[in-house]
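Protein chains in written order, with numbering that gives the first Met the number 0: chain A, 0 to 420; chain B, 0 to 216.
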Amino acid sequence: MLLLHLARRSLTNRLLTTSLTALSIAFSVALLVGVENVRTGMRESFSNTVSGTDLIVGSRGGTIQLLLYSVFGMGSPIANISYETWKKWDEHPAVSWTIPYALGDSHRGFRVIGTNETFYERYRYRGGQPISLAEGRPASGVFDVVLGAEVATRLGYTLGEQIAVTHGMSAVGFMNHDEMPFEVVGILERTFTPVDRAVYVTLEGVTAMHMGWESGAPPMPGEEVHADDVLAMEEVHVSQITSFFLGAESRALTLQIQREISTSEEEPMTAVIPGVALSEMWRGISYAEDGLRVISGFVVLVGILGMLVSIYTSLEARRREMAILRALGAGPRRIVSLLVLEAGLLSAMGAALGVGLVYAGLFVLQPWLEGRFGLLVPIRMLDGVQLAFVGAVIVLGFAAGLVPAVKAYRTALHDGLSVRV
Amino acid sequence: MRFAYPGGATVIDIAALTIERGERVFLYGPSGSGKTTLLGLVAGVLRPPSGTLHVLGHDVGALSSPARDRLRATHIGYIFQMFNLIPYLNVRDNIALPVRIASERRDRLNGSLATAVADAATHLGIEGLLDEEVTRLSVGQQQRVAAARALLGSPELIIADEPTSALDTDRRIAFLELLFRSVEDAGSTLLFVSHDLGLADEFDRSLSLSDLNRAGG
Numbered sequence: 000m001l002l003l004h005l006a007r008r009s010l011t012n013r014l015l016t017t018s019l020t021a022l023s024i025a026f027s028v029a030l031l032v033g034v035e036n037v038r039t040g041m042r043e044s045f046s047n048t049v050s051g052t053d054l055i056v057g058s059r060g061g062t063i064q065l066l067l068y069s070v071f072g073m074g075s076p077i078a079n080i081s082y083e084t085w086k087k088w089d090e091h092p093a094v095s096w097t098i099p100y101a102l103g104d105s106h107r108g109f110r111v112i113g114t115n116e117t118f119y120e121r122y123r124y125r126g127g128q129p130i131s132l133a134e135g136r137p138a139s140g141v142f143d144v145v146l147g148a149e150v151a152t153r154l155g156y157t158l159g160e161q162i163a164v165t166h167g168m169s170a171v172g173f174m175n176h177d178e179m180p181f182e183v184v185g186i187l188e189r190t191f192t193p194v195d196r197a198v199y200v201t202l203e204g205v206t207a208m209h210m211g212w213e214s215g216a217p218p219m220p221g222e223e224v225h226a227d228d229v230l231a232m233e234e235v236h237v238s239q240i241t242s243f244f245l246g247a248e249s250r251a252l253t254l255q256i257q258r259e260i261s262t263s264e265e266e267p268m269t270a271v272i273p274g275v276a277l278s279e280m281w282r283g284i285s286y287a288e289d290g291l292r293v294i295s296g297f298v299v300l301v302g303i304l305g306m307l308v309s310i311y312t313s314l315e316a317r318r319r320e321m322a323i324l325r326a327l328g329a330g331p332r333r334i335v336s337l338l339v340l341e342a343g344l345l346s347a348m349g350a351a352l353g354v355g356l357v358y359a360g361l362f363v364l365q366p367w368l369e370g371r372f373g374l375l376v377p378i379r380m381l382d383g384v385q386l387a388f389v390g391a392v393i394v395l396g397f398a399a400g401l402v403p404a405v406k407a408y409r410t411a412l413h414d415g416l417s418v419r420v
Numbered sequence: 000m001r002f003a004y005p006g007g008a009t010v011i012d013i014a015a016l017t018i019e020r021g022e023r024v025f026l027y028g029p030s031g032s033g034k035t036t037l038l039g040l041v042a043g044v045l046r047p048p049s050g051t052l053h054v055l056g057h058d059v060g061a062l063s064s065p066a067r068d069r070l071r072a073t074h075i076g077y078i079f080q081m082f083n084l085i086p087y088l089n090v091r092d093n094i095a096l097p098v099r100i101a102s103e104r105r106d107r108l109n110g111s112l113a114t115a116v117a118d119a120a121t122h123l124g125i126e127g128l129l130d131e132e133v134t135r136l137s138v139g140q141q142q143r144v145a146a147a148r149a150l151l152g153s154p155e156l157i158i159a160d161e162p163t164s165a166l167d168t169d170r171r172i173a174f175l176e177l178l179f180r181s182v183e184d185a186g187s188t189l190l191f192v193s194h195d196l197g198l199a200d201e202f203d204r205s206l207s208l209s210d211l212n213r214a215g216g
């Protein structure tokens with residue numbers, strides 16, 4: 000009790016140094032704990048990029064690749080699947096709905112996704128939120144296009160705008176489907192997922208823009224198929240799609256459908272359960288997060304080291320105090336305990352302050368993080384890992400106190416009651 | 000009795016010195032005569048010397064370091080030349096400190112700690128300063144707080160290391176009288192070290208450390 004009293008009084012006596020030291024520990028703890036919060040938020044945002052979908056199906060290949068090009072708009076598929084196969088699964092009795100995706104073209108660096116009206120009805124993200132249109136209507140005509148929120152903002156497009164689509168993913172459109180302009184008919188509400196960074200047309204639209212491009216190269220002059228030619232056709236025949244999202248009639252059927260698709264004789268296909276594939280993928284990319292953790296760990300060490308230095312340098316000025324305590328009957332062990340206790344108290348205060356900073360910061364920044372990055376960092380109790388970190392900081396603080404304490408112990412033994420300068 | 004700091008030359012070399020209980024001894028010690036070292040030995044802060052040293056009937060050489068700390072805490076009051084007080088405690092807490100460091104000292108108090116502190120303060124005429132911050136006191140007031148603290152619980156031995164050297168002459172005499180009266184009331188032995196020979200006449204006995212200490216320069 001006496002030591003606690005002395006330690007507290009001694010710390011408040013050096014209020015400026017104490018608060019600066021505690022603050023530096025607080026910032027490092029805030030970083031450590033905050034990184035964990037952001038990490039959790041990222042993991043949750045990530046695994047909620049798509050929800051409500053039981054399976055994502057594409058041509059046979061890696062599950063992560065399928066996830067990347069279907070959900071995250073990254074990379075490209077190796078092969079397509081036939082329209083007939085998709086139709087078969089769309090009408091399968093165990094399947095409730097499917098959303099087809101036809102990929103491969105872009106508009107000024109943003110992906111063009113050929114899909115159908117089910118996309119607007121069934122696509123879900125982050126805990127089952129449906130996508131909705133901020134303006135206009137879903138794409139239904141061959142040359143209708145709906146913009147993701149980010150695309151609309153970045154390119155400054157409004158309803159009624161005529162746009163051309165580029166073959167492949169080059170941002171510089173030297174292979175433009177100029178002969179077939181599309182018209183913006185709708186703009187999606189922001190979702191803070193990759194949905195915002197794509198433009199959406201119909202499956203027929205994707206087929207139409209490739210007419211005359213069957214060889215893979217631009218049509219020869221004079222052989223271009225123009226929009227009017229397409230509109231004159233009775234029906235645009237879609238032959239291929241890239242992948243499709245699938246909702247089963249019941250969750251329980253998912254595994255059965257997955258097995259059936261994977262073993263299907265007609266066409267080699269891969270079906271992944273998004274949740275499983277997403278967490279598998281997260282494990283792959285979470286190394287970066289581990290790096291962040293290590294760095295914030297080092298920042299904490301620096302904070303503790305700063306405290307150690309500040310206590311150590313204060314010792315010289317406190318030799319007098321130590322001599323008085325000795326004269327009054329305090330053993331060298333008391334002196335050691337006092338300094339260790341001061342260090343421990345400092346780091347505990349710093350840790351508490353740091354946790355407070357995290358909550359205050361989250362409270363202020365949470366809306367901004369969600370609005371700017373689509374990152375929902377949840378405000379909740381510290382989890383086990385975070386508590387362990389905070390505990391470790393406090394223990395480390397006590398341990399760091401041993402260094403100046405041992406120095407003081409030696410000084411006390413040697414000085415006795417005099418203070419040699 | 001001989002003593003040398005680790006790795007240093009002998010600082011104390013005294014053939015024999017006896018101080019009776021209840022005596023008020025003036026020890027003349029010019030700087031460099033080893034007085035602080037001698038006091039550190041008597042107080043049991045430094046490791047025991049070679050030879051024999053008995054303090055209040057205890058053979059200091061036979062005591063462990065914690066036992067010496069306990070002996071000091073319980074039976075010895077110590078007054079420094081200056082800067083006697085813990086800067087971040089107020090007067091009351093400073094006076095009470097020895098009791099809070101060593102519970103054995105509490106047994107020596109008549110009544111509660113609060114009463115004992117108030118009594119000690121009254122004795123030294125600082126009862127009005129109990130709640131002051133020590134940094135706001137004059138040097139004379141600080142020394143009286145230090146004396147009150149040393150006398151709390153009436154320890155058998157009061158060691159004073161030039162307690163008056165920071166005071167001006169008239170305050171010096173006043174402080175000394177106050178100290179004598181308190182020591183007498185407590186029935187303590189007083190070992191008073193100073194290089195101010197003018198004070199020597201006030202004491203029962205006067206010794207010169209430079210004569211006693213053969214190691215002194």
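Backbone N, C-alpha and C fix where the C-beta goes; we use that ideal spot for every residue, glycine too.
Through-space distance from Gln-140(B) to Ala-359(A), alpha-carbon basis: Along the first sequence, read from residue 1 onward, the residue named residue 359(A) stands at position 360. Along the second sequence, read from residue 1 onward, the residue named residue 140(B) stands at position 141. Ala-359(A) and Gln-140(B) have their alpha carbons spaced roughly 48 angstroms apart.
Beta-bridge partners of Asn-89(B), as assigned by DSSP: In the second sequence, counting from the first residue as 1, residue 89(B) sits at position 90. Under the DSSP definition of a beta bridge, Asn-89(B) partners with Glu-132(B).
Entirely enclosed beta strand (DSSP E) segments - the region 92 to 162 of chain A, minimum 3 residues: 94 to 106, 109 to 114, 132 to 135, 143 to 146
Residue ranges of each alpha helix (DSSP H) within the region 167 to 191 of chain B, 4 or longer: The region 167 to 191 of chain B contains these whole alpha helix (DSSP H) runs: 168 to 185.
Closer than 8 angstroms to chain B by CB, Glu-320(A): For the purposes of this step, residue 320(A) is taken as the residue at position 321 of the first sequence. Yes, Glu-320(A) counts as interfacial toward chain B.
Straight-line gap, Leu-252(A) to Ala-93(A) (C-alpha atoms, nearest Å): What you label residue 252(A) is simply residue 253 of the first sequence in a count that begins at 1. What you label residue 93(A) is simply residue 94 of the first sequence in a count that begins at 1. Approximately 7 angstroms, taken between the alpha carbons.
Straight-line Cα distance separating Leu-112(B) from Glu-161(B): On the second sequence, residue 161(B) is found 162 positions in, with the first residue counted as 1. On the second sequence, residue 112(B) is found 113 positions in, with the first residue counted as 1. Glu-161(B) and Leu-112(B) have their C-alpha atoms some 28 angstroms from each other.
N- and C-terminal bounds of the beta strand (DSSP E) containing Thr-9(B): Counted from its first residue, the second sequence places residue 9(B) at position 10. Taken as a continuous stretch (DSSP letters only), the beta strand (DSSP E) holding Thr-9(B) covers 9 to 12.
Where Leu-3(A) falls, given that 16 or more other Cβ within 10 Å makes a residue buried: Taking the first residue of the first sequence as 1, we reach residue 3(A) at position 4. Classification for Leu-3(A): exposed.
Contacts of Leu-1(A) in chain B (Cβ-Cβ under 7 angstroms): Translated into positions along the first sequence, residue 1(A) becomes position 2. Ordered by position in chain B, the residues that pass the 7 angstroms Cβ test against Leu-1(A) are Arg-99, Ile-100.
Contact with chain A by Val-41(B), beta-carbon distance below 8 angstroms: The sequence position of residue 41(B) within the second sequence is 42, counting from 1. Not one chain A Cβ lies under 8 angstroms of Val-41(B).
Where the alpha helix (DSSP H) through Val-235(A) begins and ends: Along the first sequence, read from residue 1 onward, the residue named residue 235(A) stands at position 236. Looking at the DSSP string, Val-235(A) is not in any alpha helix (DSSP H), and its letter there is neither H nor E.
Residue-level contact to chain A via CB, Leu-196(B), 8 angstroms cutoff: As a working note, residue 196(B) is residue 197 in the second sequence. Chain A contact via Cβ: absent.
Residue range of the unbroken beta strand (DSSP E) whose run includes Ser-205(B): Translated into positions along the second sequence, residue 205(B) becomes position 206. 204 to 207 is the extent of the beta strand (DSSP E) around Ser-205(B).
Ala-159(B) - containing beta strand (DSSP E), residue span: What you label residue 159(B) is simply residue 160 of the second sequence in a count that begins at 1. First-last of the beta strand (DSSP E) with Ala-159(B): 156 to 160.
Check: Gln-80(B) C-beta below 7 angstroms from any heavy atom of the ligand MG: By its list of ligands, the structure shown contains no ligand whatsoever, and the ligand MG lies outside what it can speak to.
Short Cβ contact (8 angstroms threshold) for Arg-69(B) with Ala-42(B): As a position in the second sequence, residue 69(B) is number 70, starting the count at 1. As a position in the second sequence, residue 42(B) is number 43, starting the count at 1. No. Outside cutoff.
Cβ contact check for the region 128 to 143 of chain A and the region 183 to 191 of chain A: 3 or more pairs under 8 angstroms: yes
Inter-residue CB distance, Phe-79(B) and Phe-202(B) (contact presumed, cutoff 8 angstroms): Your numbering for residue 79(B) matches position 80 in the second sequence. Your numbering for residue 202(B) matches position 203 in the second sequence. In fact, because the Cβ distance is near 19 angstroms, the residues do not count as touching under 8 angstroms.
Helix, strand or coil at Arg-1(B) according to DSSP, with G and I counted as helix: Indexing the second sequence from 1 puts residue 1(B) at position 2. Note: Arg-1(B) maps to strand in three-state DSSP.
Sequence-distant residues of its chain with Cβ nearer than 8 angstroms to Tyr-126(B) (five each side left out): In the second sequence, residue 126(B) corresponds to position 127, counting from 1. The sequence shown places Glu at residue 126(B), not Tyr. Around Glu-126(B): Ala-117, Ala-120.
Per DSSP, cross-strand counterpart(s) of Ser-49(B): For this step, residue 49(B) is matched to residue 50 along the second sequence. Looking at the DSSP assignment, Ser-49(B) forms a beta bridge with Arg-1(B).
Distance between Ala-61(B) and Glu-315(A) (C-alpha atoms, nearest Å): Taking the first sequence and counting its residues from 1, one reaches residue 315(A) at position 316. Taking the second sequence and counting its residues from 1, one reaches residue 61(B) at position 62. When rounded, the distance between both Cα atoms is 32 angstroms.
Proximity winner among Thr-410(A), Thr-97(A), Leu-30(A), relative to Leu-361(A) (alpha-carbon distances): As a working mapping, residue 361(A) is identified with position 362 in the first sequence. Of Thr-410(A), Thr-97(A), Leu-30(A), the residue nearest in Cα terms is Leu-30(A).
Min CB distance Ser-64(B) to chain A below 8 angstroms: The residue labelled residue 64(B) in the question sits at position 65 within the second sequence. Closer than 8 angstroms: yes.
Residue-chain proximity (Leu-327(A), chain B), Cβ-Cβ < 8 angstroms: Stepping through the first sequence from its first residue, residue 327(A) is reached at position 328. It does: the Cβ of Leu-327(A) has a partner Cβ on chain B nearer than 8 angstroms.
Interface flag, Glu-161(B) vs chain A, CB-CB below 8 angstroms: Working through the second sequence from its first residue, we reach residue 161(B) at position 162. For Glu-161(B), the answer is no, since every Cβ of chain A falls outside 8 angstroms of its Cβ.
Contact the region 380 to 388 of chain A vs the region 55 to 69 of chain A: 3+ CB pairs below 8 angstroms: No: the two stretches stay apart, fewer than three of their Cβ pairs being nearer than 8 angstroms.
Of the listed residues Gln-365(A), Leu-10(A), Lys-86(A), nearest to Gly-349(A) (C-alpha basis): As a working note, residue 349(A) is residue 350 in the first sequence. Looking at Gln-365(A), Leu-10(A), Lys-86(A), the one whose alpha-carbon comes closest to that of Gly-349(A) is Leu-10(A).
Residue-level contact to chain A via CB, Asn-83(B), 8 angstroms cutoff: Taking the first residue of the second sequence as position 1, residue 83(B) is located at position 84. At a cut-off of 8 angstroms, the C-beta of Asn-83(B) has a neighbouring C-beta in chain A.
Cβ pair Pro-400(A), Leu-300(A) closer than 8 angstroms: Along the first sequence, read from residue 1 onward, the residue named residue 400(A) stands at position 401. Along the first sequence, read from residue 1 onward, the residue named residue 300(A) stands at position 301. First, the amino acid is wrong: residue 400(A) is Gly here, not Pro. No, the pair does not count as a contact, with Cβ atoms beyond the cut-off.
Rounded distance between the beta-carbons of Ser-75(A) and Gln-239(A), thought under 8 angstroms: Position 240 of the first sequence, counting from 1, holds the residue named residue 239(A). Position 76 of the first sequence, counting from 1, holds the residue named residue 75(A). In fact, because the Cβ distance is near 14 angstroms, the residues do not count as touching under 8 angstroms.
Positions along the region 137 to 154 of chain B whose CB lies within less than 7 angstroms of some CB in chain A: none
Leu-245(A) beta carbon less than 8 angstroms from that of Asn-115(A): As a first step, residue 115(A) must be located in the first sequence, where it is residue number 116. As a first step, residue 245(A) must be located in the first sequence, where it is residue number 246. Not closer than 8 angstroms, so no.
Members of the region 295 to 318 of chain A that neighbour chain B once the beta carbon cut-off is set at 7 angstroms: Within the region 295 to 318 of chain A, no residue has a Cβ that lies closer than 7 angstroms to any Cβ of chain B.
For Phe-372(A), the nearest candidate out of Leu-344(A), His-225(A), Arg-196(A) (CA to CA): Sequence index remark: in the first sequence, residue 372(A) carries index 373 (1-based). The candidate whose alpha carbon is nearest that of Phe-372(A) is Arg-196(A).
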